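**Student:**
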Amino acid sequence: MSADITKLLSSMISIGYVVKPHGLRGEVKFKLTTNMESLLEEGESAILFDEKSKRYVATKIAEFRKAGSGYILSFEGFHNVELAERIRGYHLFIAKNKLPPLKKGEFYFYQVLEAQVFSPEGEYLGKVEDIIETGANEVFVVRQQLENLSFREVLIPAIKDYVLDLDLDNRRIIAKVPDFEKENE
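Note that UniProt numbering has the sequence shown beginning at 1, numbered continuously upward.
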């Protein structure tokens, strides 16, 4: 991947991906991977990026509409099914500065994923591999590779009783392991 696209993508965030073409006029079925529909905006500049091939296309969202559990999108310059087929699986990136501002203590998932997690005593617990949305609060799935190449996975509720410090700039979290997780070791 060229340094230019790497630098560009570092200032952007993936908000979903193209599932497949829809119809014959270049529209696509789209899966939004965030709960912020407001990020889909007609005329919005975007990058379509394929993680496997490292190919990308700079475009704009021409139109979008809700369709079942997903969306139907059209992009400028995509006017037939053949062009739409070429971007199947591509992720849609928009500028991070389009994200709404957060309140104190809030975070975007991308800021926490891959963050290193330590206990209050400084023991390395692993990296945040996933975030589970439970309705009441998020739960960090923290995974650590062990010496025997197996993994240890710990679930840490993303609430102040367990997450003692969340340093988003350095992607570092200080967290207490819940007692129920200690019993499973």
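Don't be surprised by glycine CBs; every beta carbon is placed ideally from N, CA and C. Note that the structure is a prediction, hence the values are computed from the model and not measured.
Within 10 angstroms of the Cβ of Y124, are there 16 or more other Cβ atoms? Answer buried if so, exposed if not.
**Tutor:** Within the sequence shown, residue 124 is the residue found at index 124, counting from 1. It counts as exposed.
**Student:** Y108 by DSSP, collapsed to three states: which one?
**Tutor:** As a working note, residue 108 is residue 108 in the sequence shown. Coil.
**Student:** DSSP state of K66, grouped into three classes?
**Tutor:** Counted from its first residue, the sequence shown places residue 66 at position 66. DSSP places K66 in strand when its eight states are reduced to three.
**Student:** Which runs of the beta strand (DSSP E) spanning at least 3 residues fall entirely within the region 73 to 131, listed in chain order?
**Tutor:** Counting only runs of 3 or more, we get 91 to 95 and 116 to 118.
**Student:** So, I5 versus I94, is the Cβ gap smaller than 8 Å?
**Tutor:** Here the question's residue 5 lines up with position 5 in the sequence shown. Here the question's residue 94 lines up with position 94 in the sequence shown. Against a cut-off of 8 Å, the Cβ pair of I94 and I5 comes out as no contact.
**Student:** Using 10 angstroms around the beta-carbon of I159, count the other beta-carbons present and answer buried if the total reaches 16, otherwise exposed.
**Tutor:** Counted from its first residue, the sequence shown places residue 159 at position 159. I159 comes out exposed.
**Student:** Under the assumption that P120 contacts V139 (Cβ atoms under 8 Å), give the Cβ distance between them as a whole number of angstroms.
**Tutor:** Along the sequence shown, read from residue 1 onward, the residue named residue 120 stands at position 120. Along the sequence shown, read from residue 1 onward, the residue named residue 139 stands at position 139. Not confirmed; about 19 Å, so no contact.
**Student:** Assuming I72 and E27 make a contact with CB atoms under 8 Å, what is their CB distance in whole Å?
**Tutor:** Working through the sequence shown from its first residue, we reach residue 72 at position 72. Working through the sequence shown from its first residue, we reach residue 27 at position 27. That pair is a contact at about 5 Å.
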